[in-house]
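Report on the following structure.
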Amino acid sequence: MRRKLAAGNWKMNGTLADLGELDSLAETHPTPGVDILVCPPATLISAAAARAGKGPIQIGGQDCHHADQGALTGDVSALMLADAGAHAVILGHSERREGHGETSEEVRAKAKTAQAASLMTVICLGESLGQREATNTLDIIGAQLSLSVPDSSNGENLVIAYEPIWAIGSGLTPSPDQIGEVHDFIRARLEKRFGAGVGRSVRLLYGGSVKPDNAAEIFAVSNVDGALVGGASLRAADFSPIITALESA
Ligand code: PEP
746 MRRKLAAGNW KMNGTLADLG ELDSLAETHP TPGVDILVCP PATLISAAAA
796 RAGKGPIQIG GQDCHHADQG ALTGDVSALM LADAGAHAVI LGHSERREGH
846 GETSEEVRAK AKTAQAASLM TVICLGESLG QREATNTLDI IGAQLSLSVP
896 DSSNGENLVI AYEPIWAIGS GLTPSPDQIG EVHDFIRARL EKRFGAGVGR
946 SVRLLYGGSV KPDNAAEIFA VSNVDGALVG GASLRAADFS PIITALESA
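Below, the structure is given as structure tokens:
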């Protein structure tokens with residue numbers, strides 16, 4: 746029912762010279778059994794979208810402002826991302842929540858505008874290590890979920906990425922049971938809020954140190970519909986085996 750999704754977050758990495766990675770991915774996965782999304786920095790979206798063309802890879806942004814336009818130096822709107830060729834945008838990544846003080850309310854405002862601009866929103870949620878150790882994980886995830894997700898969401902325009910902050914870029918990953926507990930919880934919350942039809946159609950990604958050697962184990966977990974991948978998405982040689990593992994899951 747839910748088509749799986751392998752999403753790559755290049756973060757603040759990459760110049761025009763790196764777009765050849767998209768060609769390599771497209772050559773290795775000409776007709777993939779899963780959706781593939783690559784989110785390069787904003788400077789590369791236009792060129793990446795042109796390069797990806799109508800092929801198997803879609804391009805996304807990593808953030809947007811909640812306004813469509815205005816006196817907002819340095820910001821980029823959802824309409825601008827769509828105009829540049831983006832199909833999706835990552836919102837509420839922990840590096841923005843922590844590094845830029847983004848609140849869940851702001852994430853919801855951004856998501857509302859992005860969905861109105863026909864972008865698929867990949868909304869990130871995650872607990873810190875301290876919150877997990879204090880056994881507050883589900884409370885934190887529940888609050889972020891209800892505050893960050895706009896009412897305009899559905900299975901087409903919303904993807905949730907569960908990304909424990911302590912797992913991002915650290916080489917640490919939660920156990921399959923820990924991932925399953927959070928994903929089952931998110932699924933139940935979405936079904937309660939949006940009804941079973943919509944709640945079951947939203948894709949749930951796991952993110953945080955997904956690598957070729959741990960991908961299959963993570964993709965076997967219940968309610969894991971794919972991954973949001975940081976470091977291992979930068980090179981096709983690393984991202985491709987993750988895509989293959991998802992296709993076989
Ligand atoms: C991310 O930042 O979204 C992420 C999952 O990073 P990494 O895969 O490098 O841990």
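Take the sequence shown: its letters are residues 746 to 994, numbered as in this note's numbering.
We put the beta carbon where it would ideally sit given N, CA and C, even for glycine.
This one's a predicted model, so the numbers in the text were calculated from it and none came from an experiment.
Any heavy atom of ligand 1 inside 6 Å of the beta-carbon of residue i?
i           : result
residue 952 : yes
residue 976 : yes
residue 973 : yes
residue 916 : no
residue 754 : yes
Taking the alpha carbon of residue i as the reference point, which residue from the options has its own alpha carbon closest?
i            : options            : result
residue 844  : 817, 823, 808, 981 : 808
residue 783  : 876, 911, 833      : 833
residue 916  : 760, 956, 937, 939 : 956
residue 814  : 908, 855, 777      : 855
residue 778  : 761, 953, 750, 764 : 750
residue 1041 : 837, 759, 887      : Residue 1041 lies beyond the range of the chain shown here (746 to 994); nothing can be said about it.
residue 914  : 978, 824, 801      : 978
residue 798  : 946, 768, 938      : 768
residue 961  : 988, 937, 939      : 988
residue 825  : 959, 790, 756      : 790
residue 870  : 861, 860, 888, 775 : 888
residue 880  : 801, 859, 860, 923 : 923
Considering only their Cβ atoms, is the gap separating residue j from residue i smaller than 7 Å?
i            : j           : result
residue 969  : residue 928 : yes
residue 754  : residue 868 : no
residue 921  : residue 966 : yes
residue 905  : residue 931 : yes
residue 785  : residue 793 : yes
residue 933  : residue 951 : no
residue 872  : residue 909 : yes
residue 857  : residue 897 : yes
residue 810  : residue 817 : yes
residue 1036 : residue 747 : Because the chain here runs from 746 to 994, residue 1036 falls outside it and cannot be looked at.
residue 944  : residue 935 : yes
residue 912  : residue 954 : yes
residue 849  : residue 892 : yes
residue 853  : residue 847 : no
residue 876  : residue 886 : no
Could one say the Cβ of residue i lies closer than 7 Å to chain E's Cβ atoms, at least one of them?
i           : result
residue 932 : Judged by its chain identifiers, the structure shown contains no chain E, having just a single protein chain.
Would residue i be called buried (16 or more neighbouring beta carbons within 10 Å of its own) or exposed?
i           : result
residue 942 : exposed
residue 772 : exposed
residue 890 : buried
residue 874 : exposed
residue 780 : buried
residue 761 : exposed
residue 878 : exposed
residue 775 : exposed
residue 765 : exposed
residue 985 : buried
residue 839 : buried
residue 976 : buried
Can you determine whether any heavy atom of ligand 3 sits closer than 6 Å to the C-beta of residue i, and answer yes or no?
i           : result
residue 913 : Summarising the ligand content, the structure contains ligand 1 and does not contain ligand 3.
Quiz item: Counting Cβ pairs, one atom from each stretch, are 3 or more of them under 8 Å apart for the segment 820 to 832 and the segment 890 to 909?
Solution: The segment 820 to 832 vs the segment 890 to 909: no contact.
Quiz item: Touching or not, the segment 853 to 869 and the segment 794 to 811, by the rule of three or more beta carbon pairs under 8 Å?
Solution: yes
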